[in-house]
Amino acid sequence: MTLAEHFPPRDDARAFGAGDGLRVAIIASSYNYIRDGVALTLNRLVAYLESQGVKVLVFAPVGKTPALEHTGTLIAVPSIPVPGRPEYRCAFALPKSARETLRAFAPDVIHIALAPDLLGYSALKTAKALGVPAVASCHTRFETYLKHYPGSRLIEGVLKTYLKYAYGQAREVYVPSPSMVDALLADGLRNNFKLWPRGVDTHLFHPEQRHSDFRVRHGIGAKDFTVAFVSRLVREKELDTVIATLKALTAKGVAHKALIVGDGPDRAMLEAALPGAVFTGFLEGEALAQAYAASDVFLFPSETETFGNVTLEAMASGLPAICADATGSRSLVLDGKTGYLAKPRQGEDFAARIAGLAADELLRARMGAAARTRSLDFSWDDCMARILDYYRAVAAEARA
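The numbering of the sequence shown is my numbering, which starts it at 5 and goes up by one.
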């Protein structure tokens, strides 16, 4: 089936009913070439929208080998690997062919998963030229990545200026957590924000996924106090703080086993620094759920999160979460109730919190149960229905 047959033209590009007439174009810098939180969330969004009868067309860069089987119809846009970080791609502006496809598709809303690249800039310009309302979503704290790369802090001001302009051009900006809204407002951005939280599969991620055979397979003893860290293994996830925390636990005489789940370009560095840790590589589905449930606490010192999907998965699995007191985590973890918020980049503070939980099994159980209860408030269906309501309202306003 051709693209024209799949998305036939309509007489009135603004006419739509309760759901099945709506057309949404999604323009993203990450959709299927890498398995990150942005790509997974957007694929889940497209699947939900299509299940509701919405026509969706996605424009995004692609790599030679897809990291996941994407959902929906994807139009590739030009891109190149990021120098020094080839697992990421830098997208160029929408080419003429993509702009013509977008025009023929006649969307009611253009949703830009905004990144500081030419693709996002050109998408805003194209939306304006077509007279289609543009909305944006915030997925990553790009400015917090900079401190992890020598010399890159020099462009922090330019980056913030661009994001302030781009978010300001959008009709609405969808932000995953109240703490991220606070951070953006503190940077002087105009308040066109609406909350778009994430969800968690509480049936998959569940304390009952704890099975002794997972521990046996990975050399973890039945009584080993296990600290889990689940993430892409890249420096911006504060791997230095992970190392400092686990070494501080050892220095305090706290017996523990570190379980590192994930993969990435900095895995070798982490393995060299933590020779006693268990590295599982990338896990998904049941295997990932069992890894969480096989652990006793969850460690996550990243400051770059806008939400923290892995933190929510850990909480649903019944783990107290010890996270950085930063955006994302601050809106999920109830300090002293479902876990702790530790001082960012302070391994000693993270270690002190974990040591207290290692010494008190009842406290761990109480916090883990509270974390599980809190996770039940985050439903994928609810959060996707919310954004569909946003689209409908924006489209109706533009049509009026």
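C-beta atoms are modelled at their ideal positions from N, C-alpha and C, and glycine is treated no differently.
Given a length threshold of 3 residues, each whole run of the beta strand (DSSP E) inside the region 241–317 is given here in chain order: 261–265, 282–285, 301–304. Here DSSP, grouped into helix, strand and coil, assigns D112 to coil. Per DSSP, V398 is one residue of the alpha helix (DSSP H) stretching across 384–403.
Cβ-Cβ separation between L134 and F96: approximately 19 Å, too far for a contact (criterion under 8 Å). Sorting Q213, M184, H143, V282 by C-alpha distance to the C-alpha of G41 places H143 at the top.
The continuous alpha helix (DSSP H) containing T377 extends over residues 365–379.
Our two residues, R396 and T75, have alpha carbons roughly 21 Å apart in a direct line. Going by DSSP, F218 is part of the alpha helix (DSSP H) stretching over 216–221. Judged by DSSP in its simplified three-state form, T77 adopts strand. DSSP, read as helix, strand or coil, puts F11 in coil.
Going by beta carbons, F11 and A108 fall inside the 9 Å limit. Just measuring C-alpha positions, the residue of K68, F63, E73 sitting nearest L106 is F63. Straight through space, the alpha carbons of A102 and K261 are spaced by roughly 50 Å.
In the three-state scheme derived from DSSP, where H, G and I count as helix and E and B as strand, V60 is classed as strand.
A contact is defined here as three or more CB-CB pairs under 8 Å, and the region 282–300 fails this definition with respect to the region 247–257.
Counting other Cβ atoms within 10 Å of its Cβ, A400 stays below 16 and is therefore classed as exposed.
One alpha carbon belongs to L46, the other to L72, and they sit about 12 Å apart. The continuous beta strand (DSSP E) containing A328 extends over residues 325–328. The shortest CA-to-CA distance from G88 to any of D270, V234, F209, L44 is the one to D270. Assignment of S321 by DSSP, reduced to helix, strand and coil, places it in the coil class. When beta bridges are read from the DSSP output, A117 appears opposite A32, S141. Where T230 is concerned, there is no enclosing alpha helix (DSSP H), although the beta strand (DSSP E) around it starts and stops at 230–234. Separation of the CB atoms of A375 and G343 is rounded to 6 Å, and the pair is thereby assigned contact status at 8 Å. Following the DSSP letters along the chain, one finds K198 in no alpha helix (DSSP H) but inside the beta strand (DSSP E) bounded by residues 197–199. DSSP, reduced to helix, strand and coil, places D353 within a helical segment of the structure shown.
Under the three-state reduction of DSSP output, P182 falls in the helix class. Scanning its chain for C-beta atoms nearer than 6 Å, with the 5 sequence neighbours on each side dropped, one finds around A362 the residues F229, V258, in chain order. Buried is the label assigned to P324, since at least 16 other Cβ atoms lie within 10 Å of its Cβ. Under DSSP, V177 shares a beta bridge with A140, F197. The C-beta of T69 has fewer than 16 other C-beta atoms within 10 Å across all chains shown, which makes the residue exposed. In this structure, DSSP gives Y92 an extended state, which the three-state scheme calls strand.
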